[in-house]
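Residue numbers (my numbering): 72 to 277.
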Amino acid sequence: IEGGWLMNELVATIDKYVATQSGCAEAVALWIIHCHAFEAATISPRLAILSPEKRCGKTTLLSVVGGLTPKTLHCSNITAAAIFRTIEAVQPTLLIDEADTFLAKSDEIRGVLNSGHNKSSAQVIRLVGDGHEAHGFTTWAPTAIAAIGKIPGTLHDRSIVIEMRRRLAEEKIISFRADRMDEFHLLARKVARWANDHIAAIKDTD
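Laid out in structure tokens, this is it:
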């Protein structure tokens, strides 16, 4: 798998389904590759997909990303405990939609999501069991967050921000269908193959 071709295919697939600002499809494509090469990372920027208003395609873009990333887990609401326990159990690519409905109300959720940005500090400590023993839960997982409006500043600073917009009348896109994912699965396998072939070089690159 050749890297330049792979990037072009990812960008073309993203552009097929959503209208984004200039450069955003390329940024999303690189983040998708990051998810497949995650073992080489020491920093994992959150992917923040932000819409100024309804019907700008944020959920569609999140679904496209989900079709192209490994071990994807979608959710539209989640607690702080569920985040770190799920990451500990299955190490997913975590895709959180509708974050504007609950994220600003929970300092704990923001703290957990912030902690997962840096591998060296991606952990929370909780007391577990009848003996209330301290246990560390990893928060190290690639995470995308979709919301209408803004996200908290500390999370924004840890994110690659994708500003969505409504498509123009002359822009043509294809409706996303969750029951027609074959092209996504094939392309995701090619991304995984490229990442596996180049993982040593990625680890050595600053």
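No residue lacks a Cβ here, since even glycine has one placed at the ideal position from N, Cα and C.
These numbers were taken from a predicted model, which means no experiment stands behind them.
In the DSSP assignment, find the unbroken alpha helix (DSSP H) run with residue i in it and report its ends.
i, result
"residue 99", "95-107"
"residue 239", "Element bounds for residue 239: n/a, residue is neither H nor E."
"residue 264", "253-275"
"residue 136", "129-139"
"residue 158", "151-161"
Under DSSP, the beta strand (DSSP E) around residue i begins and ends at which residues?
i, result
"residue 204", "204-209"
"residue 122", "117-122"
"residue 279", "Missing from the structure shown is residue 279; the chain here goes from 72 to 277 and no further."
"residue 195", "194-199"
Which whole-angstrom value is the C-beta distance of residue i and residue j, which I expect to be below 8 angstroms?
i, j, result
"residue 82", "residue 103", "The Cβ separation is near 10 angstroms, so there is no contact."
"residue 218", "residue 178", "About 17 angstroms; that fails the 8 angstroms criterion."
"residue 149", "residue 167", "6 angstroms"
"residue 139", "residue 214", "Not confirmed; about 15 angstroms, so no contact."
"residue 237", "residue 95", "Going by Cβ atoms, the distance from residue 237 to residue 95 rounds to 14 angstroms, so no, they are not a contact pair."
Under a Cβ-count criterion, where at least 16 other Cβ atoms within 10 Å of its own Cβ denotes burial, should residue i be classed as buried or exposed?
i, result
"residue 119", "buried"
"residue 76", "exposed"
"residue 206", "exposed"
"residue 228", "exposed"
"residue 161", "exposed"
"residue 248", "exposed"
"residue 114", "exposed"
message = Tell me whether the stretch 255-268 and the stretch 122-132 touch, counting them as touching only if at least three CB pairs, one residue from each stretch, are closer than 8 angstroms.
response = Inter-segment contact for the stretch 255-268 and the stretch 122-132 is absent: fewer than three beta-carbon pairs are separated by less than 8 angstroms.
query = Should the stretch 82-92 be regarded as contacting the stretch 233-250, the criterion being three or more beta carbon pairs within less than 8 angstroms?
reply = Yes: the two stretches touch, three or more of their Cβ pairs being nearer than 8 angstroms.
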